[in-house]
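Heads up: the structure comes next, in structure tokens.
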Amino acid sequence: MASRLILRIQEKFTRLTSSEQKIASVLLENQGLVETHTATELAALAGVSKATTARFFRSLGYADFEEVRIQARDERNSRAPYARFDPKPEAASLGRTLSEHLELEQRNLARTFEEIRSDLLPEIASVLETAPSIWFLGFGDEYGIARLGRTMFTRLRHGVHQIEGSGQDWAAELSMTGPRDVLILLTFEPRPRLLPVLLKHARTTRMRVITITDHAYAAQAQRFSDFVLPCHIASYGILPTHATMISMLRLLALSYLGQNPDAVSQRIATLDAINEELDLSE
535 MASRLILRIQ
545 EKFTRLTSSE
555 QKIASVLLEN
565 QGLVETHTAT
575 ELAALAGVSK
585 ATTARFFRSL
595 GYADFEEVRI
605 QARDERNSRA
615 PYARFDPKPE
625 AASLGRTLSE
635 HLELEQRNLA
645 RTFEEIRSDL
655 LPEIASVLET
665 APSIWFLGFG
675 DEYGIARLGR
685 TMFTRLRHGV
695 HQIEGSGQDW
705 AAELSMTGPR
715 DVLILLTFEP
725 RPRLLPVLLK
735 HARTTRMRVI
745 TITDHAYAAQ
755 AQRFSDFVLP
765 CHIASYGILP
775 THATMISMLR
785 LLALSYLGQN
795 PDAVSQRIAT
805 LDAINEELDL
815 SE
């Protein structure tokens with residue numbers, strides 16, 4: 535289970551300076567270092583100054599490094615009694631332990647976030663703000679994530695849809711798209727032969743295209759996309775990981791929220807009022 539320190543790092547990673555991100559990456563690789571190393575030693579491992587290390591922990595909301603160590607020790611102590619009553623070895627999958635799977639996902643997330651330009655998410659948020667409608671598109675495994683994206687953004691603004699080709703009636707859905715609409719394409723391998731045709735229509739309609747994809751496809755996606763958000767997707771086995779894609783969607787949503795707090799608050803209040811009227815909320 536990720537510690538509170540790791541969760542804070544993952545949440546604030548894109549807002550850290552490049553030097554602070556070096557420390558963050560070191561801790562994402564091995565969070566136990568906060569208990570075994572001093573602040574000076576952590577700074578040396580990350581190749582930054584002690585002052586940068588102190589600023590890094592303050593930016594995460596801690597008073598100082600000692601508060602971080604106390605929190606880490608308290609979390610370890612709260613878990614320790616349960617460990618003594620579990621004699622079973624750590625479960626493994628495909629010859630890898632659960633910890634190895636977790637560490638790989640964390641590396642994927644850290645590398646993905648490290649490579650995002652600090653100005654890119656606010657720029658995308660501005661495009662989403664002015665779009666008459668936002669459309670999500672995904673095939674195969676990404677179909678469900680496109681639905682998640684639609685649900686997520688529906689909480690933030692009006693005019694959010696998913697292109698599904700229901701009953702293979704692509705024309706009916708595409709006819710509702712228009713200039714300045716945004717298409718958020720979620721795509722990993724394998725990609726259907728229909729995709730280039732849909733993208734050609736999107737460009738002809740003058741939609742803005744945001745593509746969230748893997749690094750292998752990023753260069754090709756640049757040809758038809760206004761923005762490309764590449765994800766690291768290394769995994770053990772034949773099943774791809776979608777952790778970075780889902781996290782990227784959440785980052786887009788948070789960036790949109792950050793630039794439109796009043797409009798989003800009003801939207802959420804309206805939805806809550808409707809739910810209450812329909813007696814859908816507990």
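In our numbering, the protein residues as written are 535 to 816. A virtual CB, placed ideally from N, CA and C, is assigned to each residue, including glycine.
The residues Thr739 and Arg740, in chain order, have a CB closer than 7 Å to that of Pro713 in the same chain once the five nearest residues on each side in sequence are set aside.
Secondary structure of Arg645 (DSSP, three-state): helix. Counting the other Cβ atoms within 10 Å of the Cβ of Ser633 gives fewer than 16, which makes it exposed. Sorting Lys556, Asn564 and Leu561 by C-alpha distance to the C-alpha of Thr586 places Lys556 at the top.
Put simply, of Ala736, Phe761 and Asp806 the residue whose alpha carbon is nearest the alpha carbon of Ile744 is Phe761.
Where His749 is concerned, the enclosing alpha helix (DSSP H) starts and stops at His749 to Ala755. With a cutoff of 8 Å on beta-carbon distance, Leu594 and Arg542 are scored as near each other. DSSP, reduced to helix, strand and coil, places Pro764 within a strand of the structure shown. Per DSSP, the unbroken alpha helix (DSSP H) holding Gln800 starts and ends at Pro795 to Glu811.
Around Leu690, the same chain offers Ala787, Tyr790, Leu791, Val798 and Arg801 as residues with beta carbons nearer than 7 Å, after the five sequence neighbours per side are excluded. Shortest Cα-Cα distance from Leu717 to any of Arg737, Val731 and Gly699 involves Arg737. The segment 671-689 makes no contact with the segment 640-647: fewer than 3 CB pairs, one atom from each, lie closer than 8 Å. Close CB contacts of Arg607 within its chain, under the 8 Å cut and outside five residues either way in sequence, are with Glu569 (chain order).
The C-alpha of Leu805 lies about 48 Å from the C-alpha of Gly581.
Short of 8 Å from the beta carbon of Leu708, and not among the five residues preceding or following it, lie these beta carbons of its own chain, in chain order: Ile697, Leu732, His735 and Thr739.
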